[in-house]
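A quick write-up on the structure given underneath.
Numbering (the working numbering), first residue to last: 36 to 331.
Below is the structure:
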């Protein structure tokens with residue numbers, strides 16, 4: 036592999052001791068092994084560090100003395116990384132065996148910003164509904180193309196592009212969306228690679244999911260207000276109209292589900308998806324009503 040670019044896999048961790056072993060075991064099964072794996076944890080416990088040092092000595096582990104949001108932890112991982120390819124995933128994700136091989140091949144073919152397909156570890160009623168709500172546009176089986184957003188559960192950046200557009204905004208959860216937009220502005224929109232598959236574990240309680248969707252939507256709405264040009268009235272109207280876009284969002288999700296072979300899951304979990312998308316839209320609308328002092 037001496038003629039191939041070095042691959043650094045960066046994983047943020049926060050109370051991740053129960054799911055991290057599955058993630059790291061999957062990296063051991065890669066047909067193209069990573070050159071280095073970096074885990075940055077900021078949870079105030081010792082179990083994750085002990086687990087990694089005992090069972091995964093090949094992993095570089097760093098314990099932050101302060102709480103880091105996920106993108107801040109990823110930024111720290113990149114600071115430690117030596118690879119030409121920076122690959123990101125989450126501790127509750129498990130990559131399929133050819134994941135890194137496929138991403139590496141796509142970079143060799145000229146791509147600089149990549150997003151892989153998102154599958155689910157257990158396709159039961161709840162997890163399938165949550166997954167379609169979050170990732171319907173990244174399902175395995177969808178065609179190759181560009182995407183507006185490269186979620187860091189399955190994303191890859193060439194170091195050369197990262198040096199131009201990075202790092203992630205570490206103070207917000209939407210940092211991956213912001214970096215994706217920067218990549219597109221630099222002439223490298225995220226390229227969807229459907230054969231680079233990661234399986235996500237959606238172990239989230241219903242109330243926690245509702246809170247998460249509303250808060251993520253509100254954060255996204257705040258960021259939109261900060262970057263959009265035009266009259267304040269126009270921006271407010273666009274954000275307040277977000278709930279009205281729900282039927283179109285569900286149509287697009289249904290189209291993606293049918294194309295990817297998820298039509299049955301889409302129909303069975305329709306209610307979960309509607310609630311999730313509606314809460315996101317309400318969060319955006321809430322952001323439109325906030326005074327400027329609350330949008331930071």
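Glycine is no exception: its CB is placed at the ideal position from the N, C-alpha and C atoms.
- Task: Output the boundary residues of the beta strand (DSSP E) element that contains residue 43.
- Result: Here residue 43 is taken as the residue at index 8 of the chain shown, counted from 1. Unbroken beta strand (DSSP E) run through residue 43: 42–48.
- Message: Which residue marks the beginning of the beta strand (DSSP E) containing residue 320, and which one marks its end?
- Response: On the chain shown, position 285 is the one that residue 320 refers to. It is not in any beta strand (DSSP E) - residue 320 instead sits in the alpha helix (DSSP H) that spans 305–323.
- Task: Indicate the three-state DSSP secondary structure (helix, strand or coil) for residue 76 in the structure shown.
- Result: Counting from one through the chain shown, the residue named residue 76 turns up at place 41. Strand.
- Please classify residue 189: does DSSP put it in a helix, a strand, or coil? Working through the chain shown from its first residue, we reach residue 189 at position 154. In the structure shown, residue 189 sits in a strand (DSSP, three-state: E or B).
- Message: Going by beta-carbon coordinates alone, are residue 305 and residue 231 separated by less than 8 Å?
- Response: Position 270 of the chain shown, counted from the first residue, corresponds to residue 305. Position 196 of the chain shown, counted from the first residue, corresponds to residue 231. Going by C-beta atoms, residue 305 is not nearer than 8 Å to residue 231.
- Taking residue 118 as the reference, give the member of 251, 308, 194 and 92 with the closest Cα. One-based indexing of the chain shown puts residue 118 at position 83. Measuring from the Cα of residue 118, the nearest candidate turns out to be 194.
- Query: Is the CB-CB distance between residue 45 and residue 112 below 8 Å?
  - Reply: If you number the chain shown from 1, residue 45 lands on position 10. If you number the chain shown from 1, residue 112 lands on position 77. Yes, they are a contact pair.
- Message: If I follow the unbroken beta strand (DSSP E) through residue 120, where does it start and stop?
- Response: Here residue 120 refers to the residue found at position 85 when the chain shown is read from its first residue. Residue range 120–124 is occupied by the beta strand (DSSP E) that includes residue 120.
- Have a look at residue 324 and residue 84 and give me their C-alpha separation to the nearest angstrom. For the purposes of this step, residue 324 is taken as residue 289 along the chain shown, with counting starting at 1. For the purposes of this step, residue 84 is taken as residue 49 along the chain shown, with counting starting at 1. If you take the alpha carbons of residue 324 and residue 84, they lie about 43 Å apart.
- Who are the Cβ neighbours of residue 93 in its own chain at under 7 Å, not counting the five residues just before and after it? The count along the chain shown starts at 1 and reaches residue 93 at position 58. 72.
- Item | Selected residue, minimal CA-CA separation from residue 217, among 207, 203, 228 and 208 | Translated into the one-based positions of the chain shown, residue 217 becomes position 182. When only C-alpha atoms are compared, the closest one is 203.
- Item | Limits of the alpha helix (DSSP H) - the one that residue 208 falls within | Indexing the chain shown from 1 puts residue 208 at position 173. Unbroken run through residue 208: none, as it is neither H nor E.
- Integer-rounded CB distance, given that residue 226 should sit under 8 Å from residue 139: The residue you call residue 139 lines up with position 104 of the chain shown. The residue you call residue 226 lines up with position 191 of the chain shown. Distance from residue 139 to residue 226 at the Cβ level is roughly 13 Å; contact not present, criterion being Cβ atoms closer than 8 Å.
- Length of the line joining the Cα atoms of residue 42 and residue 136: Within the chain shown, the letter at position 7 stands for residue 42. Within the chain shown, the letter at position 101 stands for residue 136. When rounded, the distance between both Cα atoms is 10 Å.
- Within 10 angstroms of its Cβ, does residue 177 collect 16 or more other Cβ (buried), or is it exposed? Translated into the one-based positions of the chain shown, residue 177 becomes position 142. Buried, because 16 or more other Cβ atoms sit within 10 Å of the Cβ of residue 177.
- Item | Cα-Cα separation, residue 180 to residue 293 | For the purposes of this step, residue 180 is identified with residue 145 of the chain shown, where counting begins at 1. For the purposes of this step, residue 293 is identified with residue 258 of the chain shown, where counting begins at 1. Rounded to whole angstroms, residue 180 to residue 293 spans 17 Å at the Cα level.
- Query: Which of the three DSSP states, helix, strand or coil, is assigned to residue 149?
  - Reply: Counted from its first residue, the chain shown places residue 149 at position 114. In the three-state scheme derived from DSSP, where H, G and I count as helix and E and B as strand, residue 149 is classed as strand.
- Message: Output needed for residue 57: all residues of its chain with C-beta closer than 6 Å, excluding positions within five of it in sequence on either side, in chain order.
- Response: Position 22 of the chain shown, counting from 1, holds the residue named residue 57. Within the same chain, 129 come within 6 Å of residue 57 by CB-CB distance, once the 5 residues on both sides are set aside.
- Query: Considering only the beta carbon of each residue, do residue 126 and residue 51 sit closer than 8 Å?
  - Reply: Along the chain shown, read from residue 1 onward, the residue named residue 126 stands at position 91. Along the chain shown, read from residue 1 onward, the residue named residue 51 stands at position 16. Going by C-beta atoms, residue 126 is nearer than 8 Å to residue 51.
- Message: At the level of alpha carbons, what is the spacing between residue 64 and residue 312?
- Response: Here residue 64 refers to the residue found at position 29 when the chain shown is read from its first residue. Here residue 312 refers to the residue found at position 277 when the chain shown is read from its first residue. Their backbone Cα atoms lie some 35 Å apart in a straight line.
- Along the alpha helix (DSSP H) that carries residue 291, what are the first and last residues, could you check? Against the chain shown, residue 291 aligns to sequence position 256. Looking at the DSSP string, the run of the alpha helix (DSSP H) that includes residue 291 is 281–295.
- Could you tell me if residue 189 is buried or exposed, where buried requires 16 or more neighbouring beta carbons within 10 angstroms of its beta carbon? Numbered from 1 along the chain shown, position 154 holds the residue referred to as residue 189. Flag for residue 189 reads buried.
- When DSSP labels each residue in this structure, what does residue 180 get in the three-state scheme? Counted from its first residue, the chain shown places residue 180 at position 145. In the structure shown, residue 180 sits in a strand (DSSP, three-state: E or B).
- Assuming residue 173 contacts residue 152 (C-beta within less than 8 Å), just tell me the rounded distance between them. Taking the chain shown and counting its residues from 1, one reaches residue 173 at position 138. Taking the chain shown and counting its residues from 1, one reaches residue 152 at position 117. About 6 Å separates the CB atoms of residue 173 and residue 152; that is less than 8 Å, so the two are in contact.
- Through-space distance from residue 244 to residue 302, alpha-carbon basis: Taking the chain shown and counting its residues from 1, one reaches residue 302 at position 267. Taking the chain shown and counting its residues from 1, one reaches residue 244 at position 209. In a straight line, the C-alpha of residue 302 is about 20 Å away from that of residue 244.
- Query: Where does residue 108 fall in DSSP's three states?
  - Reply: Translated into positions along the chain shown, residue 108 becomes position 73. Of the three classes helix, strand and coil, the one that applies to residue 108 here is helix, per DSSP.
- Task: Let me know the secondary structure DSSP gives residue 36 once reduced to three states.
- Result: Residue numbering aside, residue 36 sits at position 1 when the chain shown is read from its first letter. Caution is warranted here: a pLDDT of 45 is assigned to residue 36, below 50, making its placement in the model unreliable, and no coordinate value can be reported.
- Query: For residue 40, which residues of its own chain have a beta-carbon under 6 Å away from its beta-carbon, when the five flanking residues on both sides are left out?
  - Reply: For the purposes of this step, residue 40 is taken as the residue at position 5 of the chain shown. Taken in chain order, the residues that qualify are 119 and 120.
- Message: At the level of alpha carbons, what is the spacing between residue 168 and residue 321?
- Response: Counted from its first residue, the chain shown places residue 168 at position 133. Counted from its first residue, the chain shown places residue 321 at position 286. Those two C-alpha atoms are separated by around 20 Å.
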